[in-house]
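Engineer: Mapping of the sequence shown onto full-length UniProt numbering: position 64 corresponds to residue 64, and the numbering continues sequentially without gaps.
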Amino acid sequence: MILLSLITHFDDISSEKEPLCPIINGVAGTGKSYLINAIRNLLQSKCAVAATTDKHCKQATGYNDKVFGGKSLILTGDPGQLPTVADKPLYHARPSNAVGEQGHQAYHMFDKVVKLTVNQCDASNEQVANYNHDQLTKLEHPVAHINARHSSALAKKISSDMSGLESVVFLAKGARVMLTMNLWSSVGLCNGATGTVVDIIYQNNHQPPDLPIVVIVEFENHRGPVFNENQQLCIPIYPITVTSQTEIGFHERQQ
Numbered sequence: 001m002i003l004l005s006l007i008t009h010f011d012d013i014s015s016e017k018e019p020l021c022p023i024i025n026g027v028a029g030t031g032k033s034y035l036i037n038a039i040r041n042l043l044q045s046k047c048a049v050a051a052t053t054d055k056h057c058k059q060a061t062g063y064n065d066k067v068f069g070g071k072s073l074i075l076t077g078d079p080g081q082l083p084t085v086a087d088k089p090l091y092h093a094r095p096s097n098a099v100g101e102q103g104h105q106a107y108h109m110f111d112k113v114v115k116l117t118v119n120q121c122d123a124s125n126e127q128v129a130n131y132n133h134d135q136l137t138k139l140e141h142p143v144a145h146i147n148a149r150h151s152s153a154l155a156k157k158i159s160s161d162m163s164g165l166e167s168v169v170f171l172a173k174g175a176r177v178m179l180t181m182n183l184w185s186s187v188g189l190c191n192g193a194t195g196t197v198v199d200i201i202y203q204n205n206h207q208p209p210d211l212p213i214v215v216i217v218e219f220e221n222h223r224g225p226v227f228n229e230n231q232q233l234c235i236p237i238y239p240i241t242v243t244s245q246t247e248i249g250f251h252e253r254q255q
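1) Mind reading off the beta-carbon distance from P212 to A172? Whole number of angstroms is fine, and I expect it under 8 Å.
2) Based on Cα-Cα distance, which residue from S152, R223 and E229 lies nearest to T246?
3) Please report how far the alpha carbon of V177 lies from the alpha carbon of T194, in whole angstroms.
4) Thinking C-alpha only, which one of R253, I237, H251 and A148 is nearest W184?
5) For a quick check, are the C-beta atoms of residue 257 and I146 less than 9 Å apart?
6) Among E166, L139 and H133, which has the Cα closest to the Cα of T180?
7) Just the C-alpha distance for D11 and P239, rounded to the nearest angstrom, thanks.
8) Could you tell me the alpha carbon to alpha carbon distance between K157 and H150, rounded to whole angstroms?
9) For G192 and T8, I'd like the C-alpha separation in whole angstroms.
10) Can you check whether the CB of I235 is closer than 9 Å to the CB of F219?
11) Check for me: the beta strand (DSSP E) holding A175 runs from which residue to which?
12) Where does A93 land, buried or exposed, given buried means 16+ other C-beta within 10 angstroms?
13) Quick one: measure Cβ to Cβ for N25 and K112, integer angstroms, because I've assumed they're closer than 8 Å.
14) In three-state DSSP terms, what is F110?
15) To the nearest whole angstrom, what separates the beta carbons of S72 and C21, a pair I think is in contact under 8 Å?
16) Please report the residue range of the beta strand (DSSP E) in which D199 lies.
17) Kindly indicate which residue of K17, A38, H251 and L6 has the alpha-carbon position closest to the one of L154.
18) Roughly how many angstroms separate the alpha carbons of Y131 and E140, rounded to a whole number?
19) Contact defined as beta carbons within less than 8 Å: I believe L6 pairs with I39. What is the distance between those atoms, to the nearest angstrom?
20) Closest by CA to T241, which one among Q255, L90, S33 and Q102?
21) When the Cα atoms are used, what is the spatial distance from E229 to Q102?
22) Between the C-alpha atoms of A50 and I74, what's the straight-line distance to the nearest angstrom?
23) Could you check the C-alpha separation between Q135 and Y34 for me, to the nearest Å?
24) Could you tell me which whole beta strand (DSSP E) segments of length 3 or greater appear in the segment 120–158?
25) Skipping 5 residues on each side, what residues in its chain have a beta carbon closer than 8 Å to that of G188?
26) Between the beta-carbon of Q232 and the beta-carbon of V198, is there less than 9 Å?
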């Protein structure tokens, strides 16, 4: 329903149409983040992410008499999950400063509210593992079983999701992968960027389950320096090391 209303709105080329001002909320697990990604994919270049300020929107559009320069606004979140930081929420009846007053006025522009109620929590680890196995099998390439390096035997027993690093990873050429941290956001190498494994490179006399020295990944949206003239979208991804602290000391995992 939400996406259909957006499609209808942005397909309307009339210059007189009113900007959209919906609020989308729901408790954890109802699909808010998924919906945000779907909206971004739908709107593509039409969607400005990271909450462009009212001032900059007015500068960009020239509509200084309209809130956010007449741009459509979509608020997404769960007011019950986290309190506001260092200020009052937009809906507070007594804003604490001039900026808060402007935000309070803008809040009253929102005329539609969509509440997500069905829990859409991610699949279990077992389901994810089975899905990944099926996808790797379809590639018809050798699948590398890659063990992480650990600083101690105890480090191996720490959660399989130690700061985002699994103790065992399965990879193959052609596998789809996703960055889970920002490497270089301005050139497209940011958290959530997806790519395809092109090669897995090992030191001499090493092979799976050893840790490779680098994995070459092609990122479709990479806009930075070229690593290889013949593969201009390919980026080398090196192993990283994370540290976890327990009651008996620090432990490291490299993957």
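Idealized CB from N, CA, C, for every residue including glycine.
Please read these numbers as outputs of a predicted model, since none were measured by experiment.
Structural biologist: Looking at the atomic coordinates:
1) On the sequence shown, position 212 is the one that residue 212 refers to. On the sequence shown, position 172 is the one that residue 172 refers to. Not really, about 12 Å apart at Cβ, beyond 8 Å.
2) Locating residue 246 in the sequence shown gives position 246, counting from the first residue. The candidate whose alpha carbon is nearest that of T246 is S152.
3) Within the sequence shown, the letter at position 177 stands for residue 177. Within the sequence shown, the letter at position 194 stands for residue 194. One C-alpha to the other measures close to 6 Å.
4) Taking the sequence shown and counting its residues from 1, the one referred to as residue 184 is at position 184. W184 has its Cα closest to that of I237, out of R253, I237, H251 and A148.
5) Residue coverage of the chain in this structure runs from 1 to 255, which leaves residue 257 outside it and unanswerable.
6) Counted from its first residue, the sequence shown places residue 180 at position 180. Ranking the options by Cα distance to T180, first place goes to E166.
7) Mapped onto the sequence shown, residue 11 falls at position 11. Mapped onto the sequence shown, residue 239 falls at position 239. About 45 Å.
8) Indexing the sequence shown from 1 puts residue 157 at position 157. Indexing the sequence shown from 1 puts residue 150 at position 150. Taking the straight line joining both Cα atoms gives about 10 Å.
9) Taking the first residue of the sequence shown as 1, we reach residue 192 at position 192. Taking the first residue of the sequence shown as 1, we reach residue 8 at position 8. Approximately 28 Å, taken between the alpha carbons.
10) The residue you call residue 219 lines up with position 219 of the sequence shown. The residue you call residue 235 lines up with position 235 of the sequence shown. Yes; because the gap between Cβ atoms is below 9 Å, this pair is in contact.
11) Indexing the sequence shown from 1 puts residue 175 at position 175. No beta strand (DSSP E) holds A175; DSSP gives it neither H nor E.
12) As a position in the sequence shown, residue 93 is number 93, starting the count at 1. Per the 10 Å Cβ criterion, exposed.
13) Taking the sequence shown and counting its residues from 1, one reaches residue 25 at position 25. Taking the sequence shown and counting its residues from 1, one reaches residue 112 at position 112. With a Cβ gap of about 12 Å, N25 and K112 do not count as contacting.
14) Taking the first residue of the sequence shown as 1, we reach residue 110 at position 110. The answer is coil: DSSP assigns F110 none of H, G, I, E or B.
15) Within the sequence shown, numbered from 1, the residue matching residue 72 stands at position 72. Within the sequence shown, numbered from 1, the residue matching residue 21 stands at position 21. Contact flag correct, Cβ pair sits at about 7 Å.
16) The residue you call residue 199 lines up with position 199 of the sequence shown. Taken as a continuous stretch (DSSP letters only), the beta strand (DSSP E) holding D199 covers T194 to I201.
17) Within the sequence shown, the letter at position 154 stands for residue 154. The candidate whose alpha carbon is nearest that of L154 is H251.
18) The sequence position of residue 131 within the sequence shown is 131, counting from 1. The sequence position of residue 140 within the sequence shown is 140, counting from 1. Computed Cα separation, rounded: 15 Å.
19) For the purposes of this step, residue 6 is identified with residue 6 of the sequence shown, where counting begins at 1. For the purposes of this step, residue 39 is identified with residue 39 of the sequence shown, where counting begins at 1. Indeed, because the Cβ distance is near 7 Å, the residues count as touching under 8 Å.
20) In the sequence shown, the residue the question calls residue 241 occupies position 241. The shortest C-alpha separation from T241 is found at Q255.
21) Locating residue 229 in the sequence shown gives position 229, where the first residue counts as 1. Locating residue 102 in the sequence shown gives position 102, where the first residue counts as 1. Cα-Cα distance, rounded: 51 Å.
22) Here residue 50 refers to the residue found at position 50 of the sequence shown. Here residue 74 refers to the residue found at position 74 of the sequence shown. Note on A50: pLDDT 40, under 50, position unreliable in the model; the coordinate value appears next. Their Cα atoms are separated by approximately 11 Å.
23) As a position in the sequence shown, residue 135 is number 135, starting the count at 1. As a position in the sequence shown, residue 34 is number 34, starting the count at 1. Cα-Cα distance, rounded: 21 Å.
24) 144–147
25) Your numbering for residue 188 matches position 188 in the sequence shown. If we look at G188 and ignore the five residues flanking it on each side, its Cβ neighbours are F219, N221, H222, R223 and G224.
26) Within the sequence shown, residue 232 is the residue found at index 232, counting from 1. Within the sequence shown, residue 198 is the residue found at index 198, counting from 1. Not in contact: Q232 and V198 (Cβ atoms no closer than 9 Å).
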